[in-house]
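2 protein chains.
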Amino acid sequence: MAASAGPEIERLIALLAKLPGLGPRSARRSALALLKRRDQLLVPLAQAMTAAAEQVKTCSICGSLDSTDPCSVCSDRTRDGALLCVVEEVGGLWALERGGSYRGRYHVLGGLLSALDGRGPESLRVGELVARAGSGEVREVILALPATVDGQTTAHYLAERLAQTGAAVTSLARGVPVGGELDWLDDGTIAQALRARRPA
Amino acid sequence: MAASAGPEIERLIALLAKLPGLGPRSARRSALALLKRRDQLLVPLAQAMTAAAEQVKTCSICGSLDSTDPCSVCSDRTRDGALLCVVEEVGGLWALERGGSYRGRYHVLGGLLSALDGRGPESLRVGELVARAGSGEVREVILALPATVDGQTTAHYLAERLAQTGAAVTSLARGVPVGGELDWLDDGTIAQALRARRPA
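Going down the list, the sequences are from chains A and B.
Residues 1 to 200 in this note's numbering are what the first sequence spells out, letter by letter.
Residues 201 to 400 in this note's numbering are what the second sequence spells out, letter by letter.
What follows is the structure in structure tokens.
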């Protein structure tokens, strides 16, 4: 680590290095930046972390993170309760909310099935999903899972489990992303976009 | 930002995004990682930051950061007080200490001269450096400044200012870094390594 810095700095660097995207070198840079801007950044960030640790709750309905339980999406009565969008993690929910076009509700799965990591359905919020989908209110379950092997395995499994609920099960469309140059796209995406072609 | 998360999460993301190397996207990932590992990471990091904000001081002699003032290097009597190494920032001091081969003392300049940013000698710890170098104890001042235009301008200026003190002024050697393939080195480094060639 920093070798000649005090134990407080060493500990700060060691913990910062555990953040995703930061390694030992960038953790040292971050620690220095924090210590240089003590009143503008270090103290406010410490307070924001303490506040988040105390205030942020997991929504008992959808599994999202928010200051309130139920979360702001679940308690928003203008939302369409007939649409239920399944995401892997809260990050996916945030991404869809930034898009701004979805007005239904969510269900955070808490991960994906993974044979490699030995993660089965019992470690995900599958039972809660089936119960919500079968409550009668939900008309369509949209699977917004990543286009990876684990994501598609999970989608396949969920589609089977949800068949009994009577809700329609759909997936996000695959195709060319907005602004996507064909030259830069992988072959799998081009093949899928071609198969799913539509009248212009 | 995250749109549908509470104010605590929004604030946490906004502050994390100010760390060097983190942008809005990686700040969101970091916030989620922190909230998922609340007791193992979020709370300890908040405490480490609070402790650092309270305990870490700027050394009144060399300008380094440490839990004590004077810092552990300045108060280490086994260090060679005849050698004084000038670094731009604390990060440079840490890098030299990790190297482990330097046993002299340091002087943190607090920046570099920059015509572009309008930073003159009065905003750096130049006066303190000249005073320390002229105290009689210092035999050699080693300029460990970056090999950039600003770094070399600063080194040139310091060499002139330090001429009156009687201490010898040296710079870090320029050349091929350890493990450096000639193929991958820039032309300037190769030219300097060639000019400064030594008997094998």
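Think of the CB as a built atom: it goes at the ideal place given N, C-alpha and C, for glycine as much as any other residue.
Predicted, not measured: the structure shown is a model, and the values here were computed from it.
With a threshold of 16 other beta carbon atoms within 10 Å, residue 63(A) meets it and is buried.
Every alpha helix (DSSP H) stretch that sits fully inside the segment 269-305 of chain B and reaches 4 residues is listed by chain position as 290-299.
Remark: C-beta atoms of residue 206(B) and residue 183(A) do not approach each other more closely than 8 Å.
Sequence-distant partners of residue 28(A) (beyond 5 residues in either direction) whose C-beta falls short of 6 Å from its own C-beta, in its chain, are 13. For residue 340(B), the enclosing beta strand (DSSP E) has its first and last residue at 340-344. Distance between residue 345(B) and residue 302(B), taken at the CA atoms: about 15 Å.
In the three-state reduction of the DSSP assignment, residue 354(B) falls in the helix class. Within the segment 155-180 of chain A, the complete beta strand (DSSP E) runs of at least 3 residues fall at 168-171. Of all residues in the segment 237-264 of chain B, the ones placed with a Cβ closer than 7 Å to any Cβ belonging to chain A are 238, 241, 242, 243, 244, 245, 246, 248, 249, 250, 251, 252, 253, 255, 256, in chain order. Interface criterion met: the Cβ of residue 11(A) is under 8 Å from a Cβ in chain B. In this structure, residue 245(B) and residue 231(B) do not form a Cβ contact; the two beta carbons are roughly 12 Å apart against a cut-off of 8 Å. At a cut-off of 8 Å between C-beta atoms, residue 314(B) does not count as an interface residue with respect to chain A. One thing to note: residue 283(B) has its Cβ no nearer than 8 Å to the Cβ of residue 337(B). Apart from sequence neighbours up to five positions away, the residues of its chain that approach residue 196(A) with a beta-carbon distance below 8 Å are 173, 174, 175, ordered along the chain.
Among the residues facing chain A, residue 232(B) is included, as its CB has a counterpart in that chain under 8 Å away.
Taking the beta carbon of residue 290(B) as reference, the chain A residues within 7 Å of it are 32, listed in sequence order. Its Cα nearest to that of residue 158(A), the residue 107(A) stands out among 74(A), 107(A), 43(A). Taken in chain order, the members of the segment 266-281 of chain B whose beta-carbon sits within less than 8 Å of a beta-carbon on chain A are 266, 267, 268, 271, 272, 273.
Contacts with chain A at 8 Å (Cβ-Cβ) include residue 229(B).
Annotated three-state conformation of residue 117(A) is coil, per DSSP. In the DSSP assignment, residue 265(B) forms a beta bridge with 258(B). One alpha carbon belongs to residue 270(B), the other to residue 324(B), and they sit about 19 Å apart. Between the alpha carbons of residue 61(A) and residue 147(A) lies a gap of roughly 26 Å. Within the same chain, and ignoring the five residues on either side of residue 34(A) in sequence, the residues whose Cβ sits closer than 6 Å to its Cβ are 41, 42. Chain-ordered listing is empty here: chain B has no CB closer than 7 Å to the CB of residue 134(A), the nearest sitting near 25 Å. With a threshold of 16 other beta carbon atoms within 10 Å, residue 163(A) falls short and is exposed. For residue 20(A), the chain B residues whose Cβ falls inside 8 Å of its Cβ are 226, 229, 230, 233, in order along the chain. A distance below 7 Å between beta-carbons, with the five flanking residues on each side excluded, links residue 330(B) to the following residues of its chain, in chain order: 361, 362, 365.
Residues of the same chain with a CB within less than 7 Å of the CB of residue 314(B), apart from the 5 flanking positions on each side, are 350 in chain order.
Taking 8 Å as the threshold, the shortest C-beta distance from residue 360(B) to chain A does not fall below it.
When beta bridges are read from the DSSP output, residue 308(B) appears opposite 287(B). In this structure, the CA atom of residue 249(B) is about 21 Å from the CA atom of residue 272(B). If you draw a straight line from the Cα of residue 237(B) to the Cα of residue 18(A), it is about 11 Å long. Around the beta carbon of residue 116(A), fewer than 16 other beta carbons lie within 10 angstroms, which makes this residue exposed.
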